[in-house]
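Structure, as structure tokens:
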């Protein structure tokens with residue numbers, strides 16, 4: 001039995017719901033457990049992995065469906081005040097009881113819920129340090145479980161469009177370009193998404209997909225929360241000890257062979273259309289973050305982020321927080337950014353509802369984790385899919401930023417490049433799935 005001392009977040013401003021459980025958490029240092037994703041066994045398990053390090057959570061100590069990021073932040077703040085935590089790693093960032101979450105892109109226009117999950121057991125590794133955290137009503141000591149058995153994957157996969165097919169998507173891009181270029185329109189940018197549904201001959205398993213994504217895209221944040229699985233290259237907000245960081249991506253080009261990379265990077269860096277799209281995205285993040293920071297660094301120009309299949313224009317916006325703002329609270333101020341919605345926000349949301357013909361669900365919403373001090377990491381759920389409750393299928397999503405200089409054929413090609421990671425992880429040839437084999 002762990003000795004217990006109250007170390008979780010507490011505040012006199014928190015209204016504690018008596019229905020919330022009282023929990024005890026115990027954190028111990030352990031030897032390197034190996035591949036963290038090997039421990040995922042159930043659909044309720046969660047994961048957050050980058051370059052082999054990260055977190056997996058097993059079981060459910062507490063769970064809540066919430067209407068908004070702010071509601072989630074308040075629930076977690078109140079629950080944190082009821083968690084007693086003993087630890088062998090005091091002061092270590094992101095170590096201890098955590099809540100993992102996945103939020104809908106637009107809660108007012110979806111059948112999907114937003115969720116926060118507090119696991120019963122967290123296995124973590126960061127910078128050579130590994131640990132276990134057990135969270136329960138009785139405060140039992142954590143024990144490293146056996147690894148889950150291997151899976152054979154979904155087998156043969158059939159892929160079909162959801163809503164718009166490629167031709168329909170191109171048509172809607174053309175309509176949006178006309179609207180954006182209308183002198184009387186306030187629209188400057190709209191992010192338009194499309195989706196595919198992949199059906200396997202065997203169940204689609206998050207662990208099998210996550211392992212393949214983490215191996216193929218190690219610099220991305222591989223995640224799984226409540227059936228949403230993916231590998232995002234874009235960090236909405238990272239909060240650590242008073243420092244806030246947001247990685248903004250907007251502007252994309254498909255990679256070719258290595259001999260062409262330099263020329264492609266130069267073309268992307270010099271593309272007026274992509275630079276315009278990127279400028280909107282950076283401005284939306286900087287403007288949303290600025291009221292919460294005493295100082296900020298906003299890059300004058302983006303750098304080119306190279307992923308295995310595409311390149312993005314990228315900017316890291318950083319700020320020193322002016323108060324004790326939680327990562328979830330900041331995520332609520334930043335979402336939806338122009339990178340996944342458009343500019344101006346309200347008009348772009350209305351245009352998405354009119355032109356997309358799709359329920360995004362949690363695609364392009366915040367996904368990540370938060371600790372009892374309010375620190376955490378929340379990515380934008382990109383390069384991802386939502387596994388159906390019966391695990392018979394997974395819906396894959398991709399979108400592009402449409403501006404006045406966008407070309408429908410180029411935007412279709414960009415969505416295909418962005419769908420490729422999930423299709424490849426499913427063992428499907430992107431060319432065959434998209435009718436280009």
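Residue numbers (full-length UniProt numbering): 1 to 437.
Ideal placement from N, C-alpha and C gives every residue a C-beta, glycine not left out.
Among the options, which has the Cα closest to the Cα of residue i?
i: residue 351; options: 113, 175, 168 and 102; result: 175
i: residue 130; options: 109, 100, 93 and 290; result: 93
i: residue 187; options: 38, 153, 373 and 338; result: 338
i: residue 294; options: 319, 160 and 273; result: 319
i: residue 279; options: 329, 299, 172 and 45; result: 299
i: residue 389; options: 204, 88, 31 and 183; result: 204
i: residue 316; options: 260, 364 and 246; result: 246
i: residue 192; options: 206, 341 and 391; result: 341
i: residue 182; options: 135, 381, 403 and 150; result: 403
i: residue 39; options: 121, 167 and 110; result: 121
i: residue 37; options: 79, 251, 47 and 312; result: 47
i: residue 353; options: 145, 106 and 343; result: 106
i: residue 363; options: 185, 382 and 238; result: 382
i: residue 30; options: 59, 57, 52 and 144; result: 144
Report buried or exposed for residue i, applying the criterion of at least 16 other Cβ atoms within 10 angstroms of its Cβ.
i: residue 303; result: exposed
i: residue 160; result: exposed
i: residue 112; result: buried
i: residue 429; result: exposed
i: residue 329; result: buried
i: residue 195; result: buried
i: residue 158; result: exposed
i: residue 322; result: exposed
i: residue 119; result: buried
i: residue 401; result: buried
i: residue 259; result: exposed
i: residue 326; result: buried
i: residue 291; result: exposed
i: residue 282; result: buried
i: residue 248; result: buried
Which residue marks the beginning of the beta strand (DSSP E) containing residue i, and which one marks its end?
i: residue 100; result: 98-102
i: residue 85; result: 83-87
i: residue 23; result: 23-30
i: residue 48; result: 46-50
i: residue 381; result: Here residue 381 belongs to no beta strand (DSSP E), and DSSP marks it neither H nor E.
i: residue 158; result: 157-162
i: residue 189; result: 189-200
i: residue 240; result: 235-240
i: residue 395; result: 393-402
Quick check on residue i - is its C-beta less than 8 Å from some C-beta in chain C?
i: residue 291; result: No chain C appears in this structure, which consists of one protein chain only.
Can you list, in chain order, the residues of its chain whose CB lies under 8 Å from that of residue i, leaving out five sequence neighbours each side?
i: residue 202; result: 152, 153, 154 and 155
i: residue 345; result: 284, 336 and 338
i: residue 256; result: 264
i: residue 267; result: 253
i: residue 379; result: 221, 223, 232, 234, 235, 236, 366, 367 and 368
i: residue 288; result: 333, 334 and 337
Leaving out the 5 sequence neighbours to the left and right, which residues in its chain are closer than 6 Å to residue i when beta-carbon positions are compared?
i: residue 124; result: 55 and 131
i: residue 50; result: 221
i: residue 127; result: none
i: residue 420; result: 309 and 430
i: residue 213; result: 222, 231 and 425
i: residue 170; result: 408 and 412
i: residue 82; result: 20 and 22
i: residue 64; result: 75 and 116
i: residue 41; result: 148
i: residue 53; result: 125 and 126
What residues in its chain sit with their C-beta under 7 Å from that of residue i, if we drop five residues either side in the sequence?
i: residue 406; result: 173, 177 and 273
i: residue 66; result: 72, 75, 114 and 116
i: residue 69; result: 103, 328, 331, 332, 335 and 366
i: residue 96; result: 25, 27, 85, 87, 133, 371 and 372
i: residue 387; result: 204, 206, 227, 229 and 394
i: residue 110; result: 104, 359, 360 and 361
At which residues does the alpha helix (DSSP H) containing residue i begin and terminate?
i: residue 175; result: 166-181
i: residue 277; result: 272-289
i: residue 421; result: 408-425
i: residue 262; result: 261-269
i: residue 74; result: 69-80
i: residue 93; result: Counting along the chain, residue 93 falls outside any alpha helix (DSSP H), and DSSP gives it neither H nor E.
Would you check whether the ligand PLP has a heavy atom nearer than 7 Å to the C-beta of residue i?
i: residue 117; result: Summarising the ligand content, the structure contains no ligands, and the ligand PLP is consequently not present.
State whether the region 236-245 contacts the region 388-401, with contact taken as three or more CB pairs (one from each stretch) at a distance under 8 Å. no
Would you call the region 223-238 in contact with the region 97-117, where contact means no fewer than 3 C-beta pairs closer than 8 Å?
yes
At least three beta-carbon pairs within less than 8 Å, the region 414-432 to the region 262-273: no
Would you check if the region 201-219 and the region 356-373 touch, i.e. whether three or more CB-CB distances between them fall below 8 Å?
no
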